[in-house]
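A.B. asks: One structure coming up, written as C-alpha cells, with questions to follow.
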Amino acid sequence: MEKVARTTHRADAYVIAGVSLLHRQEMSDARADLDEAMRLDPSIPGLASMAGQARYALGDMEAATAAFQTALRANPRDFNANLDLGAIRLKERDFANARPLLELALEIQPGVPIARLEMAKLEEATDRNAEAAALLEDLIMAEPNWMEPHWELANAYYELDRPADGKRERMIAQELKMRREEHETNHK
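Going by the numbering used here, the first residue of the sequence shown is number 158, and it counts up by one from there.
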C-alpha cells in the first residue's frame, strides 16, 4: 500500500498504510505515513488520533498531545484521543485535566481494559485508593493474567493499610512477570 501511496500521493492510501503499520507496531513508519496523510488531507475522520497514537508510542509527547488536541477539536468523543491524552496528562501529574478525558473515554467504551487501568491509576494518584482498588479488583477479575493491574492493586492495598493483600498481589504480579519472561525466552 505504501507503493500505491507514494505513486498516487493520495491521503487515503497513506492512511491505509499507516493503520497497517500501527497494527504491526511499526511506529516510526506508521508515523511517517500518517503524517503524510495529515499533510495531504487533515480532515479525514480519526486521522489525527491515529497520528497521535504513533507519536505517543514513539515517546514524542509534545507532538502526540498536539495531534490528540486536533482530534478532539474535530470529534470531542474520539475514544483514543481522550484515553491517550488523558494518560499523557496523568503522566504529567495534571490530574484536573486527566480526569475528564479518562472519564469520557470510559463513558464512550466502558469495557476497554486499558481505559479502566488508566482511571484506576488516576484514582490512586489522587489518593482515592479505595476507588482505585475497586476498579483494579474488577479489572483483575476480567483480566487475571495481566500483570500491571496486579502491581497497581498491590500499591493501592498498601496505601489502604492492607499489607497482606498487597503482598499477595505483588507475588501474583511477580509470577506473571516470570511467566512472560519465560515465554519470551522460549519464543526467540
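Even for Gly, the Cβ is constructed at its ideal location relative to N, Cα and C.
Hey, could you find the ends of the alpha helix (DSSP H) residue 340 is sitting in?
C.D. replies: Along the sequence shown, read from residue 1 onward, the residue named residue 340 stands at position 183. Its alpha helix (DSSP H) spans residues 320-343.
A.B. asks: Mark residue 206 as exposed unless 16 or more other C-beta atoms lie within 10 angstroms of its C-beta, in which case mark it buried.
C.D. replies: Along the sequence shown, read from residue 1 onward, the residue named residue 206 stands at position 49. Its Cβ being crowded by 16 or more others within 10 Å, residue 206 is buried.
A.B. asks: Please report how far the alpha carbon of residue 224 lies from the alpha carbon of residue 235, in whole angstroms.
C.D. replies: One-based indexing of the sequence shown puts residue 224 at position 67. One-based indexing of the sequence shown puts residue 235 at position 78. Taking the straight line from one Cα to the other gives about 12 Å.
A.B. asks: Taking only beta-carbon positions, decide if residue 258 is within less than 8 Å of chain C.
C.D. replies: Any reference to chain C falls outside this structure, which holds one protein chain only.
A.B. asks: Just curious, the alpha helix (DSSP H) that residue 283 is in, first and last residue?
C.D. replies: Numbered from 1 along the sequence shown, position 126 holds the residue referred to as residue 283. Unbroken run through residue 283: none, as it is neither H nor E.
A.B. asks: Counting C-beta neighbours from all protein chains within 10 Å, is the total for residue 306 16 or more, i.e. buried, or is it exposed?
C.D. replies: If you number the sequence shown from 1, residue 306 lands on position 149. Burial call: buried.
A.B. asks: Comparing alpha-carbon positions, which option in 269, 199, 182 lies nearest residue 297?
C.D. replies: Translated into positions along the sequence shown, residue 297 becomes position 140. Ranking the options by Cα distance to residue 297, first place goes to 269.
A.B. asks: Could you give the DSSP three-state label for residue 200: helix, strand or coil?
C.D. replies: Along the sequence shown, read from residue 1 onward, the residue named residue 200 stands at position 43. Here residue 200 sits in coil by DSSP.
A.B. asks: Between the C-alpha atoms of residue 338 and residue 165, what's the straight-line distance to the nearest angstrom?
C.D. replies: Reading the sequence shown from its first residue, position 181 is the one you call residue 338. Reading the sequence shown from its first residue, position 8 is the one you call residue 165. The alpha-carbon atoms of residue 338 and residue 165 are separated by roughly 44 Å.
A.B. asks: Just confirm the distance between the C-beta atoms of residue 280 and residue 288, as a whole number of angstroms; I'd bet it's less than 8 Å.
C.D. replies: For this step, residue 280 is matched to residue 123 along the sequence shown. For this step, residue 288 is matched to residue 131 along the sequence shown. 4 Å between Cβ atoms; contact.
A.B. asks: By the 10 Å Cβ neighbour count, where 16 or more other Cβ atoms means buried, how is residue 324 classified, buried or exposed?
C.D. replies: To locate residue 324, count along the sequence shown from 1; it is residue 167. Flag for residue 324 reads exposed.
A.B. asks: What are the start and end residues of each continuous alpha helix (DSSP H) run of 4 or more residues lying completely inside the segment 205-247, in chain order?
C.D. replies: Fully enclosed alpha helix (DSSP H) runs of 4 or longer: 218-231.
A.B. asks: What whole-angstrom Cβ distance do residue 290 and residue 315 have, given they're in contact under 8 Å?
C.D. replies: Position 133 of the sequence shown, counted from the start, is the residue given in the question as residue 290. Position 158 of the sequence shown, counted from the start, is the residue given in the question as residue 315. Going by Cβ atoms, the distance from residue 290 to residue 315 rounds to 11 Å, so no, they are not a contact pair.
A.B. asks: Mind reading off the beta-carbon distance from residue 246 to residue 237? Whole number of angstroms is fine, and I expect it under 8 Å.
C.D. replies: Counting from one through the sequence shown, the residue named residue 246 turns up at place 89. Counting from one through the sequence shown, the residue named residue 237 turns up at place 80. Wrong, their Cβ atoms sit about 15 Å apart, outside the cutoff.
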